[in-house]
Amino acid sequence: MADNVGNADARPDLELGEEFGENKPTIDEQEMADAQAGCGQTAIGMPLGEARQDDLRPRPAEAEGSGHPGAPLGHPGGHPGGHPGGHPAGVERQRHGGARSMGFRPGGGPAALAYQERTGIKAPRIIAWEITRSCNLSCAHCRAAAEFGHYSGELSLDEIKTTVDDIVTISNPIIILTGGEPLMRPDIWDIVDYCHEKGAMPVIGTNATMITDEIAAKMAEHKIPRISVSIDFPTAEEHDKFRGQEGCFDQSIEGIKIAKRHGVGVQINTTVTTLNADKIEEIHDLAEDLGVDAFHIFMLVPTGRGSDLLEQELPPEEYERVLTWAYHRQKTSPLHFKPTDSPHYYRIIRQLAKAEGKKVTREEYGLDAMTRGCLGGITFCFISHVGDIQPCGYFDMQLGNIKEQPFSQIWTESKVFNDLRDYSLLKGKCGACEYKAVCGGCRARALEITGDYLEAEPYCSYEPPNWTGECAEKATAEE
Ligand code: SF4
Ligand code: SF4
């Protein structure tokens, strides 16, 4: 299955300065924060390496047809790294794996710094790369609507290497290898090794159903700091139904345990819909019982196969409730939390902190105080299985193709990317919002619902005091 990936930050350094006052992050801090913030869907996948095709076949019922052996879905995303502060002392945080724990600073290398100085544009710090769209599952909310089988036009290993060569001329990003199921690619270990060799940091999003001892050992051997695995329900019955394959819950749980045994960090991603919004606490507890390192909730973005789930999209008030739950729950959870594709979480943090008489400082809130909601096109982007570049996997607009133009040129020159970097262009209530520097709204949802990526986020219930216009987007969302 596909995943989400997103991110935020931007030339908003200036605006962040206004927002944070004396707490304005330094460039280094901001970079770290950006690197930490994962938004959008990303699957974390697993490498196959030179594993035999047979080894990669899904344990569940084999899919018919061609080409690729089955594979899991993944949800990339994540990053390693621990969660910010603001947690009661004594809560032991598990921070296993993760690029940062390996001393890696995405977008902090000499090429990135030179690029930023030369162009005034931030270098990409996280790139989600759909290295294949093939998948062994057919999840209802899949961004890519991925299915088992061969997809024509997928990037070759040479094309991937050429693009990595270009990317590292402007940055040293984390590259989330996603899908589809990235383990479906027999050359995944070559891709992983090449990223490392060139100074980028690969991580993988997977559904974990294919993880065997052999594959987990490969992951450790090839220095994958963390995988992310999508679990959307606390029970096998519900999860299997949602994922479209009987037995995949048990396989994913087993895969998680195997990865842990091999010392690979694990992040659980949960896409929140009306179907599971009241089960988030149970899923969190399952993640805690499994001893994983992070728990990231993803807010459904109705694109791809997920567009069929429009009715399962939470109404704005429910979004608010879930994000408020996340704010309070993470105070005592040992897991790293990261609400994703929900930029208004960063507005909610500030509102709730204020109600508690607190200021959102780095000391108190860690990197949550330093980052921004949507980073799509700002320090984050997505490369599709055929080489199309998008601000994120949900943002249904292709800004160029790496078979025709270097990645670095698209990143630098795309009008859409440059629009997203300029918060003054935001329209509607997002344009008038005092939180736009730390939130910005989901641009993919705005595009999907209104046809204009600069319009207001349709799933935010907040009405900025400076906003005097009609909240048409809200009315639309309620229809
Ligand atoms: S546009 Fe939406 S889905 Fe994409 S990165 Fe931003 S918040 Fe996430
Ligand atoms: S109005 Fe827009 S910028 Fe303000 S909190 Fe809501 S989504 Fe974010």
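Under numbering that gives the first Met the number 0, the residues of the sequence shown are numbered 0 to 478, in order. Here a beta-carbon is modelled for each residue, glycine too, at the ideal position from N, C-alpha and C. Quantities reported herein were computed from a predicted structural model and do not represent experimental measurements.
Should residue 337 be labelled buried (16 or more other beta-carbon atoms within 10 Å of its own) or exposed? buried
Determine the direct distance from the alpha carbon of residue 203 to that of residue 151, and round the result to whole angstroms. 22 Å
Ordered along the chain, which non-local residues of its own chain (more than five positions away) have a Cβ less than 7 Å from that of residue 96? Unreliable positioning characterises residue 96 in this predicted model, as indicated by a pLDDT of 49, which lies under 50. The coordinate reading is nonetheless provided below. Only 79, 224, 225, 263, 264, 292 meet the Cβ criterion.
Starting from residue 266, trace the beta strand (DSSP E) both ways and give me its first and last residue. 264-271
Residues around ligand 2, please: the condition is that the C-beta lies closer than 5 Å to some non-hydrogen atom of it. Qualifying residues come out as 343, 346, 428, 429, 432, 434, 435, 438, 440, 456, 459, 461.
Just how far apart, CA to CA, sit residue 383 and residue 354? 42 Å
In the DSSP assignment, what are the bridge partners of residue 295? Per DSSP, 268.
Can you check which of these residues, 328, 373, 244, 114, is closest to residue 351 by C-alpha distance? 328
Pop quiz: residue 416 and residue 390 are said to be a contact at Cβ under 8 Å. What is the actual Cβ separation, rounded to whole angstroms? The Cβ separation is near 7 Å, so the contact holds.
Below 8 Å between beta carbons: does that hold for residue 442 and residue 458? no
With a 10 Å radius around its C-beta and 16 neighbouring C-beta atoms as the bar for buried, classify residue 465 as buried or exposed. exposed
Taking all protein chains shown into account, do 16 or more other C-beta atoms lie within 10 angstroms of the C-beta of residue 463, making it buried, or fewer, making it exposed? buried
Identify every residue that forms a DSSP beta bridge with residue 200. 173
Out of 227, 210, 261, point me to the one whose CA is closest to residue 249's CA. 210
Along the chain, where does the alpha helix (DSSP H) that runs through residue 429 open and close? 427-431
Could you tell me the alpha carbon to alpha carbon distance between residue 467 and residue 110, rounded to whole angstroms? Distance between the alpha carbons of residue 467 and residue 110 is about 44 Å.
With respect to the alpha helix (DSSP H) encompassing residue 324, which residues constitute its N-terminal and C-terminal limits? 315-328
Are the CB atoms of residue 437 and residue 371 nearer to each other than 8 Å? Closer than 8 Å, so yes.
Roughly how many whole angstroms lie between the Cα atoms of residue 461 and residue 366? 23 Å
Collapsed DSSP secondary structure at residue 359 in the structure displayed: coil
For residue 230, does the three-state DSSP call read helix, strand or coil? coil
Please report the Cβ distance between residue 455 and residue 445, rounded to the nearest whole angstrom; I am assuming they are in contact, meaning their Cβ atoms lie under 8 Å. 6 Å
Range covered by the alpha helix (DSSP H) that runs through residue 219: 212-220
Would you decide whether residue 314 is buried or exposed? Buried here means 16 or more other CB atoms lie within 10 Å of its CB. Exposed, by the Cβ-count rule.
Using 10 angstroms around the beta-carbon of residue 331, count the other beta-carbons present and answer buried if the total reaches 16, otherwise exposed. exposed
How far does the alpha helix (DSSP H) with residue 128 in it reach, from first residue to last? Here residue 128 belongs to no alpha helix (DSSP H); instead the beta strand (DSSP E) covers 125-129.
Terminal residues of the beta strand (DSSP E) in which residue 382 lies: 379-382
Among residues of its own chain, excluding the 5 on either side of residue 400, which ones have a beta-carbon nearer than 6 Å to its beta-carbon? 386, 387, listed in sequence order.
Going by beta-carbon coordinates alone, are residue 131 and residue 201 separated by less than 8 Å? no
What did DSSP end up calling residue 205 once you bin it into helix, strand or coil? strand
Could you check if residue 300 belongs to the surroundings of ligand 1, using beta carbon to heavy atom distance under 7 Å? Between ligand 1 and the CB of residue 300, the shortest heavy atom gap is smaller than 7 Å.
Quick one: is residue 239 buried, meaning 16 or more other Cβ sit within 10 Å of its Cβ, or exposed? Buried, by the Cβ-count rule.
Contacts around residue 156, its chain only, beta-carbon distance under 8 Å, and the 5 residues preceding and following it disregarded: Apart from sequence neighbours up to five positions away, the residues of its chain that approach residue 156 with a beta-carbon distance below 8 Å are 186, 189, 190, ordered along the chain.
Just how far apart, CA to CA, sit residue 93 and residue 403? Its pLDDT being 37, under 50, residue 93 is placed unreliably in this model, and the coordinates cannot settle the point.
Local Cβ density within 10 Å of residue 113, reported as buried at 16 or more and exposed below that: exposed
Within the same chain, show all residues whose beta-carbon is closer than 8 Å to that of residue 318, passing over the 5 residues directly before and after it, in chain order. So the qualifying residues of the chain are 298, 341, 343, 458, 459, 460.
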